[in-house]
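J.: FYI, the working numbering numbers position 677 of the sequence shown as 666, with every residue one higher than the one before it.
One structure follows; several queries about it will come next.
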Amino acid sequence: MRPGARRAAVGLASIAAVLLPAAGLAYLGVGSYRADRGLVARRLAEHQRAAEQVAAAVLARLEAAVDAVAAALADAEGPLTPNALASLRAAHPLARHPFYVGPDGRLRYAVPNPLAPAADPPDVGPALAFSSPRAAGRRRRQLADAHRRELALCGGAGPAGCALRARDVADVTRAYAALADADDTGPEALLALARLRRATGDAGGAVAAYDALARRFGHRVDDEGVSYALWAAVGRARHGGEGARRAVLEAILAGRYRAPPDALLAIAEDLRRAVDGDADLAAIDAALARARGHARLVATLESDADSVVRTAGAALRGRPSLRDPARTLVYRREPSGAIVGLAVDDALLSAVAAEEPIPVTDPAPTTRAIVQRVGDPVPASLRAFSTAGFGAALPHLTVSVVNDRAMPDPLDAIVRERGRRHLMLTGGLIGLLMLGLVATIRSAARERELARLKSDFVSTVSHELKTPLTSIRMFAEMLQQGVAGGDRAREARYHDILVQESERLGLLIANVLDYAQIERGTRRYTVESRAVDEVAREAVDTFARLREGDASRIEFAVEPDAAGARAAIDTAVVVQSLLNLLANAAKYGGATAPIEVRVHRSAPGWIGVSVRDRGPGIPRRHHAAIFREFYRAPEAYAAGVEGTGLGLALVKRHVEALGGRVELVSAVGRGSTFSILLPEEVGA
């Protein structure tokens, strides 16, 4: 058998020896993976269906609660009675805070204010006729003057301070007593009279003033809408015992006084704090809790009523409350045009969702459903299996099936077993493939890439050699033919060009020879102690001589702490490396942009020479590749910039051979900075 045929047969046998066992392992692995993936997918699908079923169940319970509210309101033909509300909440826990909007668009409450009076209190006491406007104005001024005098007497002094000025106090008291007989100033005067007598320690006089206020003006309200009967009762309770305060509190909760809900609630809570906590106050606390809930509902709906009216339709709809972020409004428009709805706390929705069964295989004991706002993360203590939305009805909420992270994950056993089996199969497969295919493919790819790069290099070097040779020949012929016409300046210029192109050709040939010596391992370096800034200046001067047009662009600087710093280097190698960097900066930096050369101390024990251009910059993905032999970035080819792909590779090889390193800082659009870092000579 011919050698070529034998090599081909051996290659085919080697590939078959690797591929056949690998194919068997792959077949087993794929079958196992499909089976495990199917089991996991079925479990995940179960959890997803469970989340969707819980969402549907919660939505159905909301629908039922709204239906029940609508039916209860239709039967009651008005706000629900406490008994009707209790029955509704017992049957439908989500219907804790119902509301409705009439066909006229006005917001009404399905639940009456627990503190509102059942009916207006009857008028008590005579209503004195108003006198003339002039007399009324005079009395108002007298009342204001009495207030100022009272403030001057007792403001901040307390009862003892008032008692020291008994004569003045008596004058103010007589003024209030005179004004108390008038219908317009009577209520305020009696309140002030009670306050003044209380301040002076006259409890009996204060109670008498409160009694007169209740008897004569109890049917009226002040400027804030608070009944004077309530002010009188609260004032009397302050002078009575705990029983009196509790009686007034119970009267407020029974709806016997007229006042705005927030004022009634504030007065009731103030009285509750003054009642002994050891007494049986469960009923009072429950009534106050209902009043607080109603106040919260009122505050919520007052800010959301317009949006509810504008967005309500025949289908159930939910939206987050503008006033209360933790509350959702669920509502729909009835055929009559009225809107019936519920205000539901997110915590209550989660509690209802947690009551629903989770129909999955082998659920963990703590597996349950929770309701969250869209975008909110699941608490760190929980593990989420699936999430489902409520659709168009509640677009801002989701249901998640979760369990406690402290409990085992139902999928852990499947995942662990699958992981062990797949690890074994995958390990065997990778081992076989790594023995043959990877090495073969990489070798072939390397040979192919090397052949391509060498072909490109030969073509590029041929072109690079042709350019200076053409210039040398052209100017030599011009001198030979006397084109200068005896003009010594032109002849000198032609000679300079010949020298420059010769040195350029020499640098290119030196690069090629250096690469050949490095590849063969025969490159030798002549190391000597030199000042780095002097070597850098030598390279800049050489470049200026080679590239007269670029000489004016070079900005050379030596930082003070780097001046005179020495390093053990091969001068010719470092100069050649800097010339390569300067040539690249001139090619890529543009025709007029400056080239910065800076000698600096980069770190303790290191001296650096940096060459910075203002070119287009180098993408980060090419930073490592541009230091490989023959490599040129695609952007360089696209821009038509000439080069062999050896310059930077030689710079890196030479500098590392001297114990240094090369660094690159570059970004697209910001130019590039190449730095040669050399170890400073110890004791230099």
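Ideal Cβ placement from N, Cα and C applies to all residues, glycine included.
1. So, at 6 Å on beta carbons, what are the nonlocal neighbours of residue 664 in its own chain, with the 5 sequence-adjacent residues on each side left out?
2. Hey, how far is the Cα of residue 576 from the Cα of residue 662?
3. Just to check my reading of the structure: residue 302 and residue 279 have Cβ atoms closer than 8 Å, yes? What is that Cβ distance to the nearest angstrom?
4. On the three-state DSSP scale, how would you describe residue 174?
5. Going by the DSSP bridge assignment, what does residue 597 pair with across the sheet?
6. Does residue 88 come out as helix, strand or coil in the three-state DSSP assignment?
7. Indicate whether residue 578 and residue 606 have their beta-carbon atoms separated by less than 8 Å.
8. What residue does the alpha helix (DSSP H) around residue 345 start on, and which one ends it?
9. State whether the segment 381 to 401 contacts the segment 41 to 57, with contact taken as three or more CB pairs (one from each stretch) at a distance under 8 Å.
10. Could you name the residues of the same chain whose beta carbon sits closer than 8 Å to that of residue 583, not counting the 5 residues immediately before and after it, in chain order?
11. Count the other C-beta atoms from every protein chain shown that fall within 10 angstroms of the C-beta of residue 242, then say buried if there are 16 or more, exposed otherwise.
12. Tell me the residue span of the alpha helix (DSSP H) that contains residue 379.
13. Find the nearest neighbour of residue 613 within the set 588, 594, 595, 655, judged by alpha-carbon distance.
14. Using 10 angstroms around the beta-carbon of residue 667, count the other beta-carbons present and answer buried if the total reaches 16, otherwise exposed.
15. Can you tell me the Cα-Cα spacing of residue 262 and residue 71, whole angstroms?
16. Thinking just about the alpha-carbon of each residue, which of 528, 593, 550, 587 is nearest to the one in residue 561?
17. Give a yes or no on whether the C-beta atoms belonging to residue 202 and residue 221 are separated by under 8 Å.
18. On the CB-based measure, 16 or more other CB atoms within 10 Å of its CB, does residue 648 come out buried or exposed?
19. Please list the terminal residues of the continuous beta strand (DSSP E) segment that includes residue 320.
20. Quick one: what's got a C-beta closer than 6 Å to residue 357's C-beta in the same chain, skipping five residues either side?
21. Taking buried to mean at least 16 other C-beta atoms within 10 Å of its own C-beta, is residue 130 buried or exposed?
22. Pull up the distance between the alpha-carbon of residue 120 and that of residue 136, whole angstroms please.
23. Distance check for residue 555 and residue 563, CA to CA, integer angstroms please.
24. Do you know offhand how far residue 384's Cα is from residue 307's?
25. From the DSSP output, in three-state form, read off residue 134 for me.
26. Would you mind stating whether residue 331 and residue 341 have Cβ atoms separated by less than 8 Å?
27. Please go through the same chain and pick out, in chain order, the residues whose beta-carbon is closer than 6 Å to the beta-carbon of residue 294, but skip the five residues on each side of it.
28. Tell me whether residue 469 is buried or exposed, calling it buried when 16 or more other Cβ atoms sit within 10 Å of its Cβ.
29. In terms of residues, what are the limits of the beta strand (DSSP E) holding residue 518?
30. Tell me whether the beta-carbon of residue 471 lies closer than 8 Å to the beta-carbon of residue 520.
31. Enumerate in chain order the residues of its own chain whose CB-to-CB distance from residue 112 is below 6 Å, with the five nearest sequence positions on each side excluded.
32. Please name the residue, chosen from 273, 311, 179, that lies closest to residue 291 on a Cα-to-Cα basis.
33. Rank 534, 183, 244, 526 by C-alpha distance to the C-alpha of residue 546 and give the top, closest one.
34. Mind checking residue 459: buried by the 16 CB within 10 Å criterion, or exposed?
35. Who are residue 547's beta bridge partners in DSSP?
T.: A quick look at the data gives this:
1. 597, 599, 652
2. 14 Å
3. No, residue 302 and residue 279 are not in contact; Cβ-Cβ is about 31 Å, not under 8 Å.
4. coil
5. 589, 666
6. strand
7. no
8. Counting along the chain, residue 345 falls outside any alpha helix (DSSP H), and DSSP gives it neither H nor E.
9. yes
10. 542, 543, 544, 603
11. buried
12. Here residue 379 belongs to no alpha helix (DSSP H), and DSSP marks it neither H nor E.
13. 655
14. buried
15. 26 Å
16. 528
17. yes
18. exposed
19. 316 to 322
20. 343
21. exposed
22. Residue placement at residue 120 is flagged as unreliable, the pLDDT there being 49, under the threshold of 50; the coordinate-derived value follows with that caveat. The straight-line gap from Cα to Cα measures roughly 22 Å.
23. 13 Å
24. 8 Å
25. helix
26. no
27. 96
28. exposed
29. 517 to 520
30. no
31. The predicted model places residue 112 with a pLDDT of 40, which falls under 50 and marks its position as unreliable, so this point remains unresolved.
32. 311
33. 526
34. exposed
35. 588
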